[in-house]
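For reference, the structure discussed in these notes is given below.
In this note's numbering, the protein residues as written are 419 to 770.
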């Protein structure tokens with residue numbers, strides 16, 4: 419904790435120091451020697467005179483619950499995959515089942531502003547991949563992340579949420595209940611001290627841990643400027659597999675996925691496309707069938723006129739040649755059976 423409290427010192431610099439000296443030896447090094455290793459005056463002061471109240475608060479957090487853990491980089495249970503990245507966290511703060519850290523993980527990430535189609539696919543893929551033996555890892559954000567966590571939980575699977583805040587400060591607040599479910603059925607992870615706030619710079623740092631823990635990263639809906647693409651770039655740098663679910667070319671939230679596919683990401687249309695890459699690692703080889711797990715409704719003639727992205731009422735009137743009353747009755751039927759969803763602007767097909 420003394421080393422982790424040194425301000426603005428890169429983790430790789432700390433790892434270099436502890437490869438040469440023990441913590442006891444480091445605090446006894448002269449300021450001249452510490453300057454030789456590139457430490458600044460504020461960093462030297464923080465090493466020689468540690469922030470004891472801050473460290474005591476961390477220890478108090480650890481002691482406050484048997485569900486709280488702090489895992490050091492040199493601990494034998496520190497995840498092997500995470501050790502392989504260029505800038506691994508020195509400490510991991512954990513709540514829940516910490517044995518999941520070394521389980522085979524697939525990260526599912528994507529847009530906060532996802533479409534109903536993206537939400538459904540994140541939920542479905544997470545449920546089916548977790549049933550195949552993968553732990554589903556994501557970032558607890560609204561949108562795709564939250565759906566991925568929930569999909570795993572609802573199938574009694576395992577899920578890990580990596581936070582960009584301290585574990586005492588769940589963000590976003592609307593996911594407090596989800597975070598509690600994850601703590602009970604999976605694992606909450608953060609490299610930030612327990613009371614750390616939701617600072618913008620924390621979330622790109624969180625993303626390298628999401629990809630670093632995982633065998634592969636599946637992107638479901640991401641705009642060209644999405645933070646999910648940061649995670650995908652980390653995954654490529656870390657030699658992880660990158661998968662992308664294609665979407666409509668008219669959907670701005672799918673453009674990032676299409677860009678990843680153009681750059682060599684594996685195009686995914688079902689969970690088997692992911693499982694095929696890692697079957698040798700799974701206790702339950704193969705994937706759960708991608709067939710919808712309910713009685714299949716007969717084909718409905720109106721569905722061929724509704725897109726998997728937004729289709730307006732005017733477009734449907736033009737395509738179907740139905741009168742308004744007949745069209746609205748059929749739309750209500752399709753919405754009740756869960757095959758489409760209605761928005762203020764129109765309708766979106768969820769399944770055929």
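Glycine included, each C-beta is placed from N, C-alpha and C at the ideal position.
key: Residue span of the alpha helix (DSSP H) that contains residue 742, given as start and end   = Here the alpha helix (DSSP H) through residue 742 covers 742-754.
key: Rounded C-alpha distance that separates residue 490 from residue 443   = Straight-line Cα distance between these residues: approximately 18 Å.
query = By the 10 Å Cβ neighbour count, where 16 or more other Cβ atoms means buried, how is residue 567 classified, buried or exposed?
reply = With 16 or more other Cβ atoms from the protein chains shown falling within 10 Å of its own Cβ, residue 567 counts as buried.
inquiry  = Quick check on residue 763: does DSSP put it in helix, strand or coil?
reply    = The three-state reading of DSSP puts residue 763 in coil, since its state is none of H, G, I, E or B.
ask   = Rounded to a whole number of angstroms, what is the C-alpha to C-alpha distance between residue 480 and residue 689?
value = When only Cα atoms are considered, residue 480 and residue 689 end up about 38 Å apart.
request  = Determine, using beta carbons only, whether residue 441 and residue 527 come nearer to each other than 8 Å.
outcome  = Their beta carbons are not under 8 Å apart, which means residue 441 does not touch residue 527 by this criterion.
Which residues DSSP lists as bridging residue 659, in chain order = Beta-bridge pairing links residue 659 to 634.
key: Beta-carbon proximity list for residue 560, same chain, < 8 Å, skipping 5 on both sides   = Correct list, in chain order: 530, 590, 592 and 593.
ask   = Secondary structure at residue 711, three-state DSSP: helix, strand or coil?
value = Note on residue 711: pLDDT 44, under 50, position unreliable in the model; the coordinate value appears next. DSSP, read as helix, strand or coil, puts residue 711 in coil.
message = Could you compute how far the alpha carbon of residue 557 sits from the alpha carbon of residue 743?
response = Computed Cα separation, rounded: 44 Å.
key: Unbroken alpha helix (DSSP H) run spanning residue 689, endpoints   = Segment 689-696, the alpha helix (DSSP H) holding residue 689.
query = For residue 490, which residues does DSSP report across the bridge?
reply = Its beta-bridge partners are 509.
ask   = If we count the other Cβ atoms within 10 Å of its Cβ and call it buried at 16 or more, is residue 448 buried or exposed?
value = The C-beta of residue 448 has fewer than 16 other C-beta atoms within 10 Å across all chains shown, which makes the residue exposed.
Check whether residue 576 and residue 521 have beta carbons under 8 Å apart = Residue 576 is a Cβ neighbour of residue 521, given a cutoff of 8 Å.
query = Helix, strand or coil for residue 578 per DSSP?
reply = Strand.
ask   = Comparing alpha-carbon positions, which option in 726, 524 and 630 lies nearest residue 697?
value = Comparing Cα positions, the closest option is 524.
message = Can you tell me whether residue 542 is buried or exposed? The criterion is at least 16 other CB atoms within 10 Å of its CB, across all chains shown.
response = The residue is buried, with at least 16 neighbouring Cβ atoms inside 10 Å.
ask   = Hey, residue 435 and residue 513: beta-carbon distance below 8 Å or not?
value = Going by beta carbons, residue 435 and residue 513 fall outside the 8 Å limit.
task = Starting from the C-beta of residue 629, find all residues in its chain whose C-beta is less than 7 Å away, skip the five residues before and the five after it, and write them out in chain order.
result = In its chain, beyond the 5 residues on either side, 525, 635, 649, 652, 653, 656 and 658 have a beta carbon closer than 7 Å to the beta carbon of residue 629.
ask   = Whose C-beta lies closer than 6 Å to the C-beta of residue 573 among residues of the same chain, with five residues either side of it excluded?
value = Answer for residue 573: 545, 548 and 549, listed in chain order.
request  = May I ask which residues mark the beginning and end of the alpha helix (DSSP H) holding residue 730?
outcome  = Segment: none, residue 730 is in no alpha helix (DSSP H) and carries neither H nor E.
request  = Give the C-beta separation of residue 723 and residue 734 to the nearest angstrom, bearing in mind that I take them to be a contact with Cβ-Cβ under 8 Å.
outcome  = Between residue 723 and residue 734 a beta carbon distance of about 6 Å is seen, short of the 8 Å cut, so the two are scored as contacting.
message = Which complete beta strand (DSSP E) runs does the segment 523-591 hold, if anything under 3 residues is left out?
response = For the segment 523-591, whole beta strand (DSSP E) runs of length 3 or above, ordered along the chain, are 523-528, 553-556 and 577-580.
request  = Report yes if the C-beta distance between residue 759 and residue 768 is below 8 Å; otherwise report no.
outcome  = Yes; because the gap between Cβ atoms is below 8 Å, this pair is in contact.
key: Where the beta strand (DSSP E) through residue 605 begins and ends   = It spans 605-608 - the beta strand (DSSP E) in which residue 605 sits, taken as one unbroken run.
inquiry  = Relative to the C-alpha of residue 476, which candidate in 423, 516, 503 and 692 has its C-alpha closest?
reply    = Answer by Cα proximity: 423.
message = Please state the DSSP three-state secondary structure of residue 514.
response = DSSP, read as helix, strand or coil, puts residue 514 in strand.
request  = Under the assumption that residue 584 contacts residue 618 (Cβ atoms under 8 Å), give the Cβ distance between them as a whole number of angstroms.
outcome  = About 15 Å separates the CB atoms of residue 584 and residue 618; that is not less than 8 Å, and the two are not in contact.
query = Taking buried to mean at least 16 other C-beta atoms within 10 Å of its own C-beta, is residue 429 buried or exposed?
reply = Taking every protein chain shown into account, the CB of residue 429 has 16 or more other CB atoms within 10 angstroms, so this residue is buried.
task = Would you tell me roughly how many angstroms separate the C-alpha atoms of residue 712 and residue 534, rounded to the nearest one?
result = The predicted model places residue 712 with a pLDDT of 44, which falls under 50 and marks its position as unreliable; any figure quoted below should be read in that light. Their Cα atoms are separated by approximately 19 Å.
task = With DSSP as the reference, label residue 466 as helix, strand or coil.
result = Here residue 466 sits in helix by DSSP.
query = residue 433 lies in the alpha helix (DSSP H); which residues open and close that run?
reply = Run containing residue 433: 429-438, per the alpha helix (DSSP H) assignment.
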